[in-house]
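See below for the structure under consideration.
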Ligand code: Y39
Ligand code: FE
Ligand code: FE
Ligand code: FE
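Residue numbers (this note's numbering): 137 to 366.
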């Protein structure tokens with residue numbers, strides 16, 4: 137694949153690489169931290185699954201520590217201010233939904249959108265990562281599939297009553313993901329990650345998730361194209 141051919145050209149110690157890494161690494165660290173907080177919030181909305189959700193939250197905290205170590209290994213200081221801004225829209229939408237008790241919206245944002253974003257980014261990163269970061273990321277991505285699965289299972293079991301809220305939450309939040317991908321395109325490319333590959337991988341994971349939950353192919357086409365031109 138295209139991705140693999142690029143890797144021999146990457147100079148992990150170059151200023152250009154480290155500058156781009158300071159933002160991408162920060163995004164991932166911030167994302168893991170917010171995911172940790174989101175799963176903790178979800179324990180209040182689904183008390184029956186609190187024990188499992190606490191486990192997922194703990195995994196996210198381990199992921200954050202792993203990615204912090206990846207930054208230190210390359211002697212990069214993550215630009216956390218940039219990353220907070222990067223996540224601010226999704227963060228605010230999750231917070232608002234959580235305050236209103238809109239569990240379905242919270243699950244769509246964290247367990248479907250953010251987890252699929254993570255899965256695509258980590259899968260595309262693994263072949264072009266430095267050896268240290270590759271091993272960490274391979275461990276992390278396995279957990280992200282479990283997180284995605286949690287959301288899928290709950291939403292599948294409650295599909296009929298969740299359908300309308302899922303459509304609305306998708307309409308509100310999917311365009312934000314496309315905007316985030318545009319914002320990160322240049323830095324990702326410096327790390328050997330192509331935007332087209334990220335979009336393709338995200339679409340596959342997200343489409344499969346919607347299908348597992350119970351949406352028809354027609355629904356999925358309509359929903360996953362939402363805001364793609366944004
Ligand atoms: O569930 C999780 O662990 C998700 C929080 C982590 C999100 C990671 C977001 C990765 C986006 C990186 C974009 C790089 C191209
Ligand atoms: Fe994670
Ligand atoms: Fe916060
Ligand atoms: Fe996760």
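All C-beta atoms in this analysis are idealised placements derived from N, C-alpha and C, irrespective of residue type, glycine included.
By how many angstroms is the C-alpha of residue j removed from the C-alpha of residue i?
{"i": "residue 219", "j": "residue 163", "result": "5 Å"}
{"i": "residue 337", "j": "residue 286", "result": "20 Å"}
{"i": "residue 355", "j": "residue 296", "result": "14 Å"}
{"i": "residue 196", "j": "residue 357", "result": "30 Å"}
{"i": "residue 227", "j": "residue 185", "result": "22 Å"}
{"i": "residue 199", "j": "residue 179", "result": "20 Å"}
{"i": "residue 349", "j": "residue 288", "result": "6 Å"}
{"i": "residue 359", "j": "residue 174", "result": "24 Å"}
{"i": "residue 335", "j": "residue 153", "result": "22 Å"}
Which stretch, first to last residue, makes up the alpha helix (DSSP H) that contains residue i?
{"i": "residue 260", "result": "251-261"}
{"i": "residue 195", "result": "186-209"}
If you measure between the beta carbons of residue i and residue j, is that distance less than 9 Å?
{"i": "residue 190", "j": "residue 249", "result": "no"}
{"i": "residue 342", "j": "residue 307", "result": "no"}
{"i": "residue 240", "j": "residue 284", "result": "no"}
{"i": "residue 165", "j": "residue 323", "result": "no"}
{"i": "residue 243", "j": "residue 290", "result": "yes"}
{"i": "residue 254", "j": "residue 305", "result": "no"}
{"i": "residue 330", "j": "residue 245", "result": "no"}
{"i": "residue 371", "j": "residue 213", "result": "Residue coverage of the chain in this structure runs from 137 to 366, which leaves residue 371 outside it and unanswerable."}
{"i": "residue 176", "j": "residue 193", "result": "yes"}
>> Would you call the region 268-287 in contact with the region 196-206, where contact means no fewer than 3 C-beta pairs closer than 8 Å?
In response: Flag = yes, the region 268-287 and the region 196-206 touch.
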